[in-house]
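Scroll down for the structure; my scribbles are underneath it.
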Amino acid sequence: MRTHVIIIGNEKGGSGKSTTVMHLAVSLLRQGLRVTVVDLDARQGTISRYFENRQLHMKKHSLDLPIPELLTLRAEDGGGDAEGIEELLAGVFEDASNNADVIIADTPGSDTPMSRLAHSFADTLITPMNDSFIDLDVLAKIDPGTMTIKNPSHYAELVWQQRMIRAKRGRKAADWIVMRNRMGHTDSINKREIERLLADLAKRIGFRTVAGFSERVIFRELFHQGLTLMDVAEVSGESALSMSHIAARQEVRALVEAINLS
Ligand SMILES: Nc1ncnc2c1ncn2[C@@H]1O[C@H](COP(=O)(O)OP(=O)(O)O)[C@@H](O)[C@H]1O
Ligand SMILES: [Mg+2]
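Letter by letter, the sequence shown follows residues 43 to 304 in my numbering.
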């Protein structure tokens, strides 16, 4: 298998990028794959902190949990200009691919040159979005009168530009997955409208949607221990898993399958 690069991106904070990175990384490690996580959101450092918490938890409880290689990149590492940053990223992904089957990059919820260019290295781009019109607005402008798509928004433009850069390098097009996060359990007009608009947008700008994670407290609770749903059974025993845990774990597995690594 060639090293597969997964970029988790959305120019919107709080959409679930870091949560997705940690669950994907641990799931893939548990499948026996070698994983490198790249933190491109060093300012916030969520994913780095999460793996720090994991190390501390392992030490405190004498546990041996799978842990990925972690790389942190800062924009200034690349010498500032776009060319320098692109070169830096190319080098980092190339180096990391020597000892990783999968590289997963966490990106900030804002447009930085580093995050922007990282998108051009994606074999798979996963965009988690909360199920709200505010989140949808990052992807497309909606005409409130007719509730139809007016035009793609800034993040969709960014992805399009990075796809062009990637094509110029002669690389296969990225598989863009929009993942709906924090889904409510009840059916609502809102939910159905977003679904309809996303289906329309998917055809226009070239992504596919997958059902992501439901709104569940458990996704918030594990961070400070550095654990994921994929660890709970090993750490506390299968009987410690509630119905909600099991359903959530299933959602993570479904996402991993949807990526279709090969
Ligand atoms: N499916 C979910 N259910 C409940 N809380 C979630 C879910 N996904 C993410 N969260 C919480 O939402 C907040 C933002 O998630 P995070 O992964 O940090 O987003 P981002 O990296 O895009 O800023 C965190 O507190 C996280 O625990
Ligand atoms: Mg984050």
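Using N, Cα and C, we set each Cβ at its ideal position, and we do this for glycine too. Note that the structure is predicted; figures quoted are calculated from it, not measured.
Mind checking which residues open and close the alpha helix (DSSP H) that includes residue i?
| i | result |
| --- | --- |
| Glu199 | His196 to Lys210 |
| Thr45 | Neither: Thr45 is in no alpha helix (DSSP H) and is coded neither H nor E. |
| Arg40 | Outside the shown range of the chain, which is 43 to 304, sits residue 40, and nothing can be said about it. |
| Ser162 | Segment: none, Ser162 is in no alpha helix (DSSP H) and carries neither H nor E. |
| Asp177 | Phe175 to Leu178 |
| Asp242 | Ile231 to Ile247 |
| Glu276 | Val274 to Ser278 |
Taking the beta strand (DSSP E) that residue i belongs to, which residues open and close that run?
| i | result |
| --- | --- |
| His65 | Careful: His65 lies outside any beta strand (DSSP E), inside the alpha helix (DSSP H) at Lys59 to Arg72. |
| Glu111 | Glu111 to Thr114 |
| Leu167 | Thr166 to Asn172 |
| Asp148 | Val144 to Asp148 |
| Asp81 | Val77 to Asp81 |
Return yes when the Cβ of residue j is within less than 8 angstroms of the Cβ of residue i, no when it is not.
| i | j | result |
| --- | --- | --- |
| Ala124 | Val47 | no |
| Leu130 | Val79 | no |
| Val220 | Thr149 | no |
| His161 | Gly51 | yes |
| Arg76 | Asp143 | yes |
| Met225 | Ser256 | yes |
| Gly133 | Gly126 | no |
| Thr114 | Ser90 | yes |
| Val298 | Leu70 | yes |
| Tyr197 | Glu53 | yes |
| Arg158 | Leu200 | yes |
| Asn223 | Met171 | yes |
| Ile146 | Ala215 | no |
| Leu105 | Val274 | no |
| Ala182 | Leu82 | no |
| Leu167 | Trp202 | no |
With DSSP run on the structure shown, which of helix, strand or coil describes residue i?
| i | result |
| --- | --- |
| Arg291 | helix |
| Asn141 | coil |
| Asn95 | helix |
| Thr88 | helix |
| Asn302 | coil |
| Glu257 | coil |
| Ser286 | helix |
| Lys214 | coil |
| Asp119 | helix |
| Gly133 | helix |
| His266 | helix |
| Ser104 | coil |
Who are residue i's beta bridge partners in DSSP?
| i | result |
| --- | --- |
| Ile184 | Ile191 |
| Met221 | Pro170 and Val252 |
| Ile50 | Asp148 and Ile168 |
Using a Cβ-based criterion (distance less than 7 angstroms to any ligand heavy atom), does residue i qualify as near ligand 3?
| i | result |
| --- | --- |
| Asp153 | You won't find ligand 3 in this model; what it holds is ligand 1 and ligand 2. |
Quick test of the definition: if touching needs 3 or more C-beta pairs under 8 angstroms, does the stretch 255 to 270 touch the stretch 96 to 109? Judged by Cβ distances under 8 angstroms, the stretch 255 to 270 makes contact with the stretch 96 to 109, as three or more pairs qualify.
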